[in-house]
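Enquirer:
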Amino acid sequence: MKKILVPIDFSKPSEYASKLASTIAKKANSEVHLLHMVELPTGFVDMGSGVNFSIPESMLYIRKVRDRMLDYKKMFFPKNDNIKHAIRFQTPYDGIQDYSKKNGTDLIVMGAKGHTNLEEILIGSNTEKVVRNSNIPVIVTKKNGDDFNPGNIVFASSFKPNKNQAFERFLDFAKSFDSTIHLLKINTPQKFENTQETNQRIKKFIDKYGLKNYTINAYNDSSIEKGILNFSTEIDADIIALATHGRSGLSHIFNGSITKNLSKNAIRPMLTFKV
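Counting from 274, one number per residue, gives the positions in the sequence shown under my numbering.
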């Protein structure tokens, strides 16, 4: 995690993401990049061609945003040494994708609301698009992250062989913290597997990694998302890690609408890896 990208729009969720990124960066000695996107009106081509968007006005706006970002750095990253910032005239999704590729980002930290369907449409769509398409691990948080100390990390998976790459990237994240890793497989009535089979599956999956501080958990519930939430609540997990296939949204991290439901209900930060 040499480089962490934090997209900001100066909202409360952005503040939560910044506090979380600051904590992670201090632990991992990471460089943090703050990115603010300015969306131009549809059809806008030249900064001097718009009737209501002149060059002097745009330059004044950029200076105000720059000054605000400098204040933002002082407020949320007072003990971080390596903080950079950038302003881009792009849509949030395109700006995040382009900037992360250009600068070799290792982790994206984003804030989200998504408590209601309306909020999800207006606020959560960019976050969902980033999680769905990003080849870079993404943390989504809905709460104040200044006291983030991941003593308990849940890695929820089917533990099939195609999840190995996601798990290895997860371990790169987890090694920065002295955490207990809780390996979790949810069994439902529709896709039931007895505890012995689940335990054997997980042991075979992790055999080559030499893990030391971990637990193996087969958890039965009516749905996968409920199982993940209930288990994470029982152990008071600090973060939930998942793998996404990136097909048609967060809904396909496992199947159905699991991650969409998780993103609405989980107060804990969620860490996703595309496979």
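Where a beta carbon is used, it is the ideal one built from N, C-alpha and C, also for glycine. No experiment lies behind these values; they were computed from the predicted model shown.
What is the rounded straight-line gap between the Cα of D319 and the Cα of K481?
Expert: Note that D319 has pLDDT 48, beneath the 50 cutoff, so the model's placement of it is unreliable and no number is given.
Enquirer: Based on the DSSP secondary-structure assignment, which residues constitute the bridge partners of L308?
Expert: P280, A359
Enquirer: What do you reckon, are the CB atoms on F428 and L456 nearer than 9 Å?
Expert: yes
Enquirer: I409 to R442, Cα distance in whole Å?
Expert: 10 Å
Enquirer: Using the Cα positions of E312 and E466, report the straight-line distance between them to the nearest angstrom.
Expert: 49 Å
Enquirer: How would you call K458, buried or exposed, if buried means at least 16 neighbouring beta carbons within 10 angstroms?
Expert: Buried is the call here.
Enquirer: Beta strand (DSSP E) containing I501: first to last residue?
Expert: Not the beta strand (DSSP E): I501 falls in the alpha helix (DSSP H), residues 497–507.
Enquirer: L293 lies in the alpha helix (DSSP H); which residues open and close that run?
Expert: Membership of L293 in the alpha helix (DSSP H) is indicated by the continuous run 285–301.
Enquirer: Should I412 and I281 be called a contact, given that it needs their Cβ atoms to be closer than 9 Å?
Expert: no
Enquirer: Does DSSP classify F478 as helix, strand or coil?
Expert: Correct three-state label for F478: helix.
Enquirer: Could you please give me the residues that DSSP links to G384 through a beta bridge?
Expert: T414
Enquirer: How should S322 be labelled, buried or exposed, when 16 other C-beta atoms within 10 angstroms of its C-beta is the threshold for buried?
Expert: With a pLDDT of only 47 at S322, under the threshold of 50, the placement of this residue in the model should not be trusted; the figure read from the coordinates follows. It is exposed - the Cβ of S322 has fewer than 16 other Cβ atoms within 10 Å.
Enquirer: Hey, could you find the ends of the beta strand (DSSP E) A514 is sitting in?
Expert: 512–517
Enquirer: Please classify L293: is it buried, with 16 or more other beta-carbons within 10 angstroms of its beta-carbon, or exposed?
Expert: buried
Enquirer: Quick one: using the 10 Å Cβ neighbour count with 16 as the cut-off for buried, is M515 buried or exposed?
Expert: Inspection of the sequence shows that residue 515 is occupied by Leu rather than by Met. Result: buried.
Enquirer: Can you grab the Cα-Cα spacing for the pair P542 / I497, in whole Å?
Expert: 17 Å
Enquirer: Could you tell me which of N493, T296, T364 sits nearest to T461, measuring between CA atoms?
Expert: N493
Enquirer: Out of curiosity, what's the CA-to-CA distance linking K436 and I475?
Expert: Rounded to the nearest angstrom, the gap between the Cα atoms of K436 and I475 is 11 Å.
Enquirer: Just mark L544 as buried or exposed, buried being the case when its beta carbon has 16 or more other beta carbons within 10 Å.
Expert: A residue is called buried when at least 16 other Cβ atoms come within 10 angstroms of its Cβ; L544 meets this threshold and is buried.
Enquirer: When burial is assigned at 16 or more other CB atoms within 10 Å of the CB, is D340 buried or exposed?
Expert: exposed
Enquirer: Helix, strand or coil: how does DSSP classify L391 here?
Expert: Note that L391 scores 35 on pLDDT, short of 50, meaning its location in the model is unreliable; the coordinates nonetheless yield the value given after this. Residue state, collapsed to three classes: helix.
Enquirer: Using only CA atoms, which one of K347, F349, I381 lies nearest to L278?
Expert: I381
Enquirer: Within 10 Å of its beta-carbon, does N490 have 16 or more other beta-carbons around it, so buried, or fewer, so exposed?
Expert: buried
Enquirer: Take F283 and list the residues in its own chain whose beta-carbon comes closer than 6 Å to its own, dropping the five residues that flank it on each side.
Expert: none
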